[in-house]
Structures are given as C-alpha cells and as structure tokens.
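Numbering (our numbering), first residue to last: 367 to 622.
Idealized CB from N, CA, C, for every residue including glycine.
Fair warning: this is a prediction, and the values are worked out from it, not measured in the lab.
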DNA sequence: ATGCCTCAGCTCCTGAGA
C-alpha cells in the first residue's frame, strides 16, 4: 500500500501537476492540503477520470484538505471532533484497512501572536482527539503539512531560525507528544540524505540553494510501524515550472 | 525592518503563507 501527502498551494493552479504526479506515482492514497477552494469548485470529474475517489473539505481562499484514494473511503470525518474550528484543516477516513488522517496544521505566523495561540490550541485539540482515535483505530496514519520541524536536522539554518515559527519549543513539544502516544516519524525510520526538506520558500532561490524545512510529515501508529518499507520526499515536482512550495512525501507499507 | 515570491479576491493592492 502506498500513501502520500502533498501541500499543493491551490488545487486550481496545481491540478495538472497533481494528475501528472499521480500518473507517475500511482499511490493508493494521496492527502492534499491548501486546496484554497470551496467544495463546489472541487474537480471531481478530473480526479474520477484519473481513477480516484475523492473526499474533500474546502473553504474559500484558504486552507482546504482532501483525500484521494484508489478504493472507496468510509467513515469520513471533517476537522477535529470536540475542537470548534471555522477553518477546513483535516479530513479522516478508513481506506484499505487503515485509518488515514490528512491534516493542514495551522501556520502560527509568529510566536506570541494570536495565530500562534490558535496553533497551540489546535495542536492540543488534535492530541486529545488522537488518543481516542488511536484506541479505536490501531492502524492509523497521520500525514500532512504539520508546519513544525522536529529538530535541527529538519532546518537549513538552525542557528538563524532558532525559536522562530516552525522551530519553537512549544510547537516541538506538541509534536513530541504525538510520538509519546505511540506514533512514529516514518521518514526517520530510514537512513536519509543530509539536509532533507519538504518545503522551500519561493523567494531567494531557496530551492536551488536547498534552504528549506522539513515540515511535511507522515506519522504511523505502532501497529503499522513494522509494515513500513520506505518513506521518501519526492523533490521532482518542486522542479516544475509553477511548483508548489512543498514537495510530496511518500510512504510504502507491506500488506495491512 | 524590508524585500524577496506566490496565490486569492469585494483584484491593480492587501493578507497570508512559512
């Protein structure tokens, strides 16, 4: 089973790239973030023609998430039960025997800001809900744009970016709390190239200089961990003419 | 501190992203 996550920064702009990428990478599940469109604009037909079912949860201008799957998705849940939120940030479903959660974590803008406080409360809401979700669905994958780095290895300039957004102790505390409840960073289960990142700023030739952050993650539950055979970042689409600022992350599992 | 780049929208500037 192959799963992937990709923040595509507007599905309107990136639909051709998503279809191209799926043709080259026929995954079973693709979680998308930052659709930036309302549900009535979602390209159901194009996705269907590509051979995929689609579950989506969008809003105008910002945010928006979707799960594309080669087999039907069931028990679809939008956002975090128990956490009131007016933004479309997560979508969950059972697909191929796995509970899949695709999420677009809040950015947080700047430590100390209102948006940062919202990010921390969202993270706490996610953590409290996940505890139950893991008990109900032991085979679980949480993937998406976390907007948090685990540690210095995920940051191109750990000194210059110390305690800035995506790199603060408060954010990383919440990320480690997810690991403490039995989730595992699939990417680090394997030897990876030094300076592996999933996002590069559009400005200052950041991609060419590999000035990036690893903020897109795939976490797997303990029940799935032994089944993981690979996890990689695919930098290929970042080289496209009008790329998303994020690259997809891919996970491969043995038979579930 | 600001610009640098990209995208959406009550669009020719602004807010937000990260």
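In the DSSP assignment, residue 470 forms a beta bridge with 511. Taken atom to atom, the span from the alpha-carbon of residue 424 to that of residue 485 is near 19 Å. Residue environment analysis places residue 429 among the buried positions, since at least 16 neighbouring C-beta atoms fall within 10 angstroms of its C-beta. Non-local C-beta neighbours of residue 543 in its own chain, meaning closer than 7 Å and more than five positions away in sequence, comprise 493, ordered along the chain. Per DSSP, residue 502 is one residue of the alpha helix (DSSP H) stretching across 480 to 502. Residue 562 and residue 368 have their C-alpha atoms spaced approximately 20 Å apart. Taking the C-beta atoms as reference points, residue 613 is found nearer than 7 Å to residue 564. DSSP lists 578 as the beta-bridge partner residues of residue 566.
Taking C-beta atoms under 8 Å as the contact rule, residue 499 and residue 489 fail to qualify, at a distance of about 15 Å. In the same chain as residue 416, and ignoring 5 residues on each side of it, the C-beta atoms closer than 6 Å to its own belong to 385, 388, in chain order.
Scanning its chain for C-beta atoms nearer than 8 Å, with the 5 sequence neighbours on each side dropped, one finds around residue 510 the residues 371, 373, 397, 399, 431, 456, 467, 468, 469, 470, 471, 582, 583, in chain order.
Under the three-state reduction of DSSP output, residue 522 falls in the coil class, being neither helix nor strand.
Sequence-distant partners of residue 522 (beyond 5 residues in either direction) whose C-beta falls short of 6 Å from its own C-beta, in its chain, are 577, 578. Within the same chain, 370, 371, 372, 509, 553, 564, 582, 583, 584, 597, 598, 599, 600 come within 8 Å of residue 615 by CB-CB distance, once the 5 residues on both sides are set aside. The beta carbon of residue 427 is closer than 7 Å to those of 402 in its chain, skipping five residues each way along the sequence. Taking a contact as a CB-CB distance under 8 Å, the pair residue 514 and residue 541 counts as one, their CB atoms being some 5 Å apart. DSSP places residue 385 inside the alpha helix (DSSP H), whose first and last residues are 377 to 390. Listed in chain order, the non-local C-beta contacts of residue 443 below 6 Å within the same chain comprise 458, local neighbours out to five positions each way being set aside. Separation of residue 480 and residue 496 (C-alpha to C-alpha, rounded to the nearest whole angstrom) is 24 Å. In the displayed model, residue 595 falls within a strand according to three-state DSSP.
For residue 546, there is no enclosing beta strand (DSSP E); the enclosing alpha helix (DSSP H) has its first and last residue at 535 to 546. Residue 411: not part of any beta strand (DSSP E); member of the alpha helix (DSSP H) spanning 410 to 415, first to last residue. A straight line joining the alpha-carbon of residue 516 with that of residue 535 spans about 10 Å. Here residue 450 is not near residue 421, since their CB atoms are 7 Å or more apart.
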